[in-house]
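A.B. asks:
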Amino acid sequence: PAQADLALRVSREAVTNALRHARGATRLTVSWDHGADGGCVVTARDNGRPGEKDGAPAASDGTGLARLRAEVEAAGGSFSAGPGEGGGWCVRAALPRMAREGDA
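Take a look at the structure:
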């Protein structure tokens with residue numbers, strides 16, 4: 001449940017950011033890829049122009065991605081956000097298996 005909750009928060013923030021900031025985006029893909037080790041990699045990609053507003057780079061005073069990075073890293077995972085291969089923007093969070101209290 002803790003891993004799924006964190007994966008959902010990453011997904012929600014990535015989708016919200018794409019809707020707000022990905023100018024000209026026509027596609028947004030979010031995937032949760034589960035590993036045999038119990039980990040989960042959350043990836044969100046769009047095909048928009050990141051951080052542009054009316055053709056000029058937009059200033060960002062948000063804290064969502066920085067907060068998510070801190071949460072993911074505190075859980076023992078890794079986090080990246082930036083321009084994607086071939087354009088657009090990509091958010092990726094690798095989440096470790098997050099055992100519940102009392103699990104072996």
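Just so you know, we're using this note's numbering here: the sequence shown kicks off at 1 and counts up by one.
Built from N, CA and C at the ideal position, the CB exists for glycine as well.
The structure presented is a predicted model; accordingly, all values stated were derived computationally and were not measured.
Under the rule that 16 or more other beta-carbon atoms within 10 Å means buried, what is Ala18, buried or exposed?
C.D. replies: Taking the sequence shown and counting its residues from 1, the one referred to as residue 18 is at position 18. Buried is the call here.
A.B. asks: Using 8 Å as the threshold, is the C-beta distance between Leu95 and Gly48 below it?
C.D. replies: Mapped onto the sequence shown, residue 95 falls at position 95. Mapped onto the sequence shown, residue 48 falls at position 48. Their beta carbons are not under 8 Å apart, which means Leu95 does not touch Gly48 by this criterion.
A.B. asks: Would you give the residue range spanned by the beta strand (DSSP E) that Asp33 belongs to?
C.D. replies: Locating residue 33 in the sequence shown gives position 33, counting from the first residue. Leu28 to His34 is the extent of the beta strand (DSSP E) around Asp33.
A.B. asks: Given a cut-off of 8 Å, decide if Val10 and Val42 are closer than it, judged by their beta-carbon atoms.
C.D. replies: Walking along the sequence shown from the start, residue 42 turns up at place 42. Walking along the sequence shown from the start, residue 10 turns up at place 10. Against a cut-off of 8 Å, the Cβ pair of Val10 and Val42 comes out as a contact.
A.B. asks: Should Ala93 go down as buried or exposed, given a rule of 16 or more other Cβ atoms within 10 Å for buried?
C.D. replies: For the purposes of this step, residue 93 is taken as residue 93 along the sequence shown, with counting starting at 1. Buried: at least 16 other Cβ atoms inside 10 Å.
A.B. asks: With distances taken Cα to Cα, identify the nearest neighbour of Ala44 among Glu13, Leu6, Arg97 and His34.
C.D. replies: If you number the sequence shown from 1, residue 44 lands on position 44. Selected option, being the one with the closest Cα: Glu13.
A.B. asks: My guess is that Leu6 and Glu71 are in contact by the Cβ rule of under 8 Å, so how many angstroms apart are they, rounded?
C.D. replies: Along the sequence shown, one-based indexing puts residue 6 at 6. Along the sequence shown, one-based indexing puts residue 71 at 71. At roughly 6 Å, the Cβ-Cβ gap stays under 8 Å, so Leu6 and Glu71 are in contact.
A.B. asks: Residues bridged to Leu95 by DSSP?
C.D. replies: On the sequence shown, residue 95 is found 95 positions in, with the first residue counted as 1. Cys40, per the DSSP bridge assignment.
A.B. asks: Taking just the CA atoms, how far does Gln3 sit from Gly88?
C.D. replies: Position 88 of the sequence shown holds residue 88. Position 3 of the sequence shown holds residue 3. Each residue's Cα considered, the two are about 27 Å apart.
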